[in-house]
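Chain order of the listed sequences is G and C. Following our numbering, the numbering of the first sequence begins with 219 at its first residue and continues without gaps. Following our numbering, the numbering of the second sequence begins with 391 at its first residue and continues without gaps. Written out below as structure tokens is the structure these notes cover.
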Amino acid sequence: MAETTTSEIPALEILQKCPSGIKGLDEITSGGLPLGRPTLVCGGTGCGKTLLAMEFLVRGTTEYDEPGVFMSFEEKSEELTKNFASLGFDLNELVAREKLLLDYVHIERSEIEETGEYDLEGLFIRMGHAIDSIGAKRVAIDTIETLFSGFSNEVTLRSELRRLFRFLKGKGVTAVITGEQGERTLTRFGLEEYVADCVIFLSHQVANQIATRRLRIVKYRGSAHGTNEYPFLLDEQGFSVMPISSIGLDHPASVDRVSTGIPRLDTMLEGKGYYRGSSILVTGSAGTGKSSIAAHFVDAACRRGERCLYFAFEESRNQIIRNMRSIGLDLGQWVDQGVLEFRNSRPTLYGLEMHLVVMHRAIEEFRPAIVVIDPISNLLSAASEMEVRSMLSRLIDYLKMEEITAFCTALTVGGAAGERTEEGMSSLMDSWILLQSLEGAGERNRSLYILKSRGMQHSNQVREFCLTDNGAKLRDVYVGSGGVLAGAGRMAQEAREKAEALERSQEIECKQRDLERKKALVEARIAALRIGFQSEEDELERAISRGKLQSEVVAQDNLDMGRARDADAMPPPEGNTSTNGKGGGR
Amino acid sequence: MTEKMETREEDDQSESATMEGCWQLRLYVAGITPKSLTAFANLRRICEEHLEGKYRIEVIDLMVNPQLAKGDQILAIPTLVRRLPEPVKKIIGDLSDTDRVLVGLNIRAVGGFGEGVGEIK
């Protein structure tokens, strides 16, 4: 056939696939339905079997130029045409172009009398004729139960059923055969699923009054396939299996950073904020300021000119704008400038998958840089924990793929829940900011800390989170013997510390003055001593000089005396000898 | 191509008092197979016995004219279609169960019971 997707290894002749053209289905089946083989689509009533079969044909003609035959045992051609017109499929036009052949086969059990042996050769001939007349590559049979309800001979039916599958294979057409779900088996006869090469099971479950459609590939001979139950949608654009379910973990990782909009929170995140394209979770109990942090982030982004998409599940657009004005953020201006868009809906408005697709579509339309989901915990009311988790992981995968920063808030129940998020989705998140209320001293205060932030050295400090008229502010908290202090407690502590500091400074001043005084005293003493010492010194010097004078006089006298006694050996000093004669008299 | 194996139109009074005019019967087969031959033989026998001279059999071979399968909504082979009298009745199988054929054709319900036809127990 013309369209083959898995033809990388032609030598091995692996199973070739026929792309269905249905959103998401080809990803799950890694390429499409088995080419030239029959596929069974089974499920209960109203689960979308006919639509799947028809879309398979219509996509085949419009996208792959493969004509198709739709053999209906339930709805007449005109009914089909009408039904599918609402999905934008113009069957009449396709029929006119001989791209599609609608063949309604009327079966009425009451009109048929069985008398002896028979087979369904007539059907095969008819089908073969239809296929040949337009050169069909695709065939849909809807539904096999109606076909076989006209006949009662089970032995014949079973053998004819096998023959039908063989016949289709022999024709080389890729066929989609729809079948009703049996009571305990996938199909009524419990045989079809063994005969078919690929079995797709559709279900439509209602849980908590919200219906969810799911698709599962039960088997696919010769091919790997996704085995999960994939939610799918039927809407005006036809059948879509979640197109984002198939994304693996190979999204890009940006090193670019985006500001949180709160300067001190940026500081706590290495001074730069979150990573672009990462997922951020803010959890906290009621009234801890989750939306305010979101609003700051949005405001900062809009200020940079980035587009933001805000999914609100709790409040209306106007309510959010009004409320954020109270903390000094004017989100309304960004809405007016078209950089911010709100999508508000109640979680219970439709099922989770619908939400996912609506969000997906809104994101594709608006192409934002930042997506806020406020709060994700509210989605829980629309589905089970498991589903929310799977939905979020798909959504976040998608957002990461598109390098859109995801900002989610989640409400935790009670103060003690702390680090537990109900959806268990925290592991999906790159950054997790926890808001808590601290109770004490007759009041309740908000505190903030960063539980985790992948790929950065985030602060480990608890900060007090204050909502002021000028936006959110972070303050240090006091951690002391009385626990963490915030709010009035913190203020009291601040006052206390101020007083203490004042006291300390006064004490120091006092001591300094004391020292000055002591120093002065000592110096005065030193001066007095010095003065005493000086007078003493003078006296002593005087005494010394007097002594010296006396001894000189004595020496002169002795000399004079010696001269007077005519002492020799003494050199007579000139001029003195004649005048002094007393000394020599002794 | 419509192959008319047998055509008889005789104004013979049959057991079915309510029926006026001719019975138009159409037998759909797919090729000449033992099953189709059996069916044709059975049909002829039944018609001769119960509708003598008031019937017309048309045999359509879908192998030759596959497009004709659509008109009478033929799935099973062989299928006998009673086109006239109205309403249209379909009998599938090789017509070996004469009893059911008669019921299916509304022959027996009307007048066949009292005639002592061999097949009726």
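Note that CB positions come from ideal geometry on N, CA and C, so glycine has one too. Please read all numbers here as calculations on a predicted model, not as lab measurements.
CB contact below 7 angstroms: Arg-490 of chain C versus chain G: On the second sequence, position 100 is the one that residue 490 of chain C refers to. Output row for Arg-490 of chain C: interface = yes.
Cβ distance (whole Å) where Leu-338 of chain G is taken to contact Ala-420 of chain C below 8 angstroms: Counted from its first residue, the first sequence places residue 338 of chain G at position 120. Counted from its first residue, the second sequence places residue 420 of chain C at position 30. Contact doesn't hold; Cβ gap of about 10 angstroms is too wide.
Proximal residues to Gly-266 of chain G (C-beta, below 7 angstroms), its chain only, five neighbours per side dropped: Within the first sequence, numbered from 1, the residue matching residue 266 of chain G stands at position 48. Scanning its chain for C-beta atoms nearer than 7 angstroms, with the 5 sequence neighbours on each side dropped, one finds around Gly-266 of chain G the residues Leu-420, Arg-431, Leu-452 and Phe-457, in chain order.
Simplified DSSP assignment, three categories, for Gln-551 of chain G: As a working note, residue 551 of chain G is residue 333 in the first sequence. When DSSP states are grouped into helix, strand and coil, Gln-551 of chain G belongs to the helix group.
Arg-380 of chain G - DSSP class collapsed to helix/strand/coil: For the purposes of this step, residue 380 of chain G is identified with residue 162 of the first sequence, where counting begins at 1. The three-state secondary structure of Arg-380 of chain G, taken from DSSP, is helix.
DSSP-derived helix/strand/coil call for Ala-303 of chain G: Within the first sequence, residue 303 of chain G is the residue found at index 85, counting from 1. For Ala-303 of chain G, the secondary structure class from DSSP, reduced to helix, strand or coil, is helix.
Near-chain C residues of the region 305 to 339 of chain G (beta-carbon distance less than 8 angstroms), N- to C-terminal order: Within the region 305 to 339 of chain G, contact with chain C at the beta-carbon level (separation under 8 angstroms) is assigned to Asp-321, Val-323, His-324, Ile-325, Glu-329, Ile-330, Glu-331, Glu-332, Thr-333, Gly-334, Glu-335, Tyr-336, Asp-337, Leu-338 and Glu-339.
Supposed contact pair Val-459 of chain G and Leu-241 of chain G - C-beta distance, whole angstroms, cut 8 angstroms: Here residue 241 of chain G is taken as the residue at index 23 of the first sequence, counted from 1. Here residue 459 of chain G is taken as the residue at index 241 of the first sequence, counted from 1. The sequence shown places Lys at residue 241 of chain G, rather than the Leu named in the question. Confirmed, about 6 angstroms.
Straight-line gap, Cys-824 of chain G to Leu-275 of chain G (C-alpha atoms, nearest Å): There is simply no residue 824 of chain G to check, as chain G begins at 219 and stops at 804 in what is shown.
Contact belief for Thr-469 of chain C with Lys-480 of chain C at Cβ below 8 angstroms, rounded distance in angstroms: Start at 1 with the first residue of the second sequence, and residue 469 of chain C comes out as number 79. Start at 1 with the first residue of the second sequence, and residue 480 of chain C comes out as number 90. Indeed they touch by this definition, with Cβ atoms about 6 angstroms apart.
Near-chain C residues of the region 364 to 377 of chain G (beta-carbon distance less than 8 angstroms), N- to C-terminal order: So the list reads Leu-365, Gly-368 and Phe-369, given in the order they occur along the chain.
Members of the region 340 to 353 of chain G that neighbour chain C once the beta carbon cut-off is set at 7 angstroms: Within the region 340 to 353 of chain G, the residues whose Cβ lies closer than 7 angstroms to some Cβ of chain C are Gly-340, Leu-341, Ile-343, Arg-344, Gly-346 and His-347, listed in chain order.
Own chain, CB closer than 7 angstroms to Glu-661 of chain G, minus 5 neighbours either side, in chain order: Your numbering for residue 661 of chain G matches position 443 in the first sequence. Gly-705 and Ala-706, listed in sequence order.
Length of the line joining the Cα atoms of Leu-382 of chain G and Glu-571 of chain G: Indexing the first sequence from 1 puts residue 382 of chain G at position 164. Indexing the first sequence from 1 puts residue 571 of chain G at position 353. Each residue's Cα considered, the two are about 36 angstroms apart.
For Ala-271 of chain G and His-440 of chain C, the rounded distance between their alpha carbons: Locating residue 440 of chain C in the second sequence gives position 50, counting from the first residue. Locating residue 271 of chain G in the first sequence gives position 53, counting from the first residue. A direct Cα-to-Cα measurement between His-440 of chain C and Ala-271 of chain G gives close to 47 angstroms.
Cα-Cα separation, Glu-410 of chain G to Val-357 of chain G: Counting from 1 along the first sequence, the entry for residue 410 of chain G is found at position 192. Counting from 1 along the first sequence, the entry for residue 357 of chain G is found at position 139. Distance between the alpha carbons of Glu-410 of chain G and Val-357 of chain G is about 16 angstroms.
Whole-angstrom C-beta distance between Ala-690 of chain G and Ile-545 of chain G, which should lie under 8 angstroms: Taking the first sequence and counting its residues from 1, the one referred to as residue 545 of chain G is at position 327. Taking the first sequence and counting its residues from 1, the one referred to as residue 690 of chain G is at position 472. That belief holds up - the Cβ atoms of Ile-545 of chain G and Ala-690 of chain G are roughly 7 angstroms apart, short of 8 angstroms.
CA-to-CA distance, Ile-581 of chain G to Glu-483 of chain G, given in whole angstroms: Taking the first residue of the first sequence as 1, we reach residue 483 of chain G at position 265. Taking the first residue of the first sequence as 1, we reach residue 581 of chain G at position 363. Before going on, a small fix: residue 483 of chain G reads as Leu here, not Glu. The alpha-carbon atoms of Leu-483 of chain G and Ile-581 of chain G are separated by roughly 27 angstroms.
Leu-739 of chain G to Ala-745 of chain G span [Cα, whole Å]: Locating residue 739 of chain G in the first sequence gives position 521, where the first residue counts as 1. Locating residue 745 of chain G in the first sequence gives position 527, where the first residue counts as 1. For Leu-739 of chain G and Ala-745 of chain G, the distance between alpha carbons rounds to 10 angstroms.
Three-state class that DSSP yields for Thr-506 of chain G in the structure shown: Position 288 of the first sequence, counting from 1, holds the residue named residue 506 of chain G. The answer is coil: DSSP assigns Thr-506 of chain G none of H, G, I, E or B.
Where Lys-480 of chain C meets chain G, residues with beta-carbon distance less than 9 angstroms: One-based indexing of the second sequence puts residue 480 of chain C at position 90. The answer, in chain order, is Glu-326, Glu-329, Ile-330 and Glu-331.
Proximity below 7 angstroms, CB of Ala-512 of chain G to CB of Phe-625 of chain G: Sequence index remark: in the first sequence, residue 512 of chain G carries index 294 (1-based). Sequence index remark: in the first sequence, residue 625 of chain G carries index 407 (1-based). Phe-625 of chain G is positioned such that its CB atom lies closer than 7 angstroms to that of Ala-512 of chain G.
Spatial neighbours of Met-542 of chain G in its chain, beta-carbon cut-off 6 angstroms, leaving aside the 5 residues before and after: Working through the first sequence from its first residue, we reach residue 542 of chain G at position 324. Within the same chain, Met-542 of chain G has close Cβ partners Ala-513 and Leu-549.
Cβ neighbours of Glu-447 of chain G in the same chain (closer than 6 angstroms, five flanking residues each side left out): Position 229 of the first sequence, counted from the first residue, corresponds to residue 447 of chain G. Same-chain partners within the cutoff: Arg-432 and Arg-434.
6 angstroms CB neighbourhood of Val-557 of chain G in its chain, flanking five on each side removed: If you number the first sequence from 1, residue 557 of chain G lands on position 339. Cys-520 and Arg-525.
Sufficient close CB pairs (3 or more, under 8 angstroms) joining the region 411 to 425 of chain C to the region 447 to 456 of chain C: Touching, yes.
Buried or exposed by the 16-neighbour rule on C-beta atoms within 10 Å, applied to Asp-468 of chain G: Translated into positions along the first sequence, residue 468 of chain G becomes position 250. With a threshold of 16 other beta carbon atoms within 10 Å, Asp-468 of chain G falls short and is exposed.
Closer than 7 angstroms to chain G by CB, Leu-433 of chain C: Here residue 433 of chain C is taken as the residue at index 43 of the second sequence, counted from 1. At a cut-off of 7 angstroms between C-beta atoms, Leu-433 of chain C does not count as an interface residue with respect to chain G.
7 angstroms Cβ cutoff, Ser-486 of chain C in contact with chain G: Here residue 486 of chain C corresponds to residue number 96 of the second sequence, with the count starting at 1. Answer yes: the Cβ-Cβ gap between Ser-486 of chain C and chain G drops below 7 angstroms somewhere.
Which listed residue (G:Asn-301, G:Ser-649, G:Ser-472 and G:Val-323) has its alpha carbon closest to that of Ile-498 of chain G: Locating residue 498 of chain G in the first sequence gives position 280, where the first residue counts as 1. Closest option to Ile-498 of chain G, Cα to Cα, is G:Ser-649.
Backbone secondary structure at Ala-354 of chain G - three-state DSSP: If you number the first sequence from 1, residue 354 of chain G lands on position 136. Residue state, collapsed to three classes: coil.
Where Cys-265 of chain G falls: helix, strand or coil (DSSP): Taking the first residue of the first sequence as 1, we reach residue 265 of chain G at position 47. Under the three-state reduction of DSSP, Cys-265 of chain G is assigned to coil, being neither helix nor strand.
Run of the beta strand (DSSP E) containing Asp-451 of chain C, from where it starts to where it stops: Taking the first residue of the second sequence as position 1, residue 451 of chain C is located at position 61. Secondary structure note for Asp-451 of chain C: its beta strand (DSSP E) is the uninterrupted segment 445 to 451.
Any chain G beta carbon closer than 7 angstroms to Gly-461 of chain C: Position 71 of the second sequence holds residue 461 of chain C. Judged by the 7 angstroms Cβ criterion, Gly-461 of chain C is not in contact with chain G.
Buried versus exposed, by CB contacts within 10 Å (16 or more), Ile-349 of chain G: In the first sequence, residue 349 of chain G corresponds to position 131, counting from 1. Residue environment: Ile-349 of chain G is assigned as buried (16 or more neighbouring CB atoms within 10 Å of its CB, all protein chains considered).
Met-289 of chain G - partner residues in DSSP beta bridges: Looking up residue 289 of chain G in the first sequence gives position 71. BP columns for Met-289 of chain G point to G:Asp-321 and G:Ile-359.
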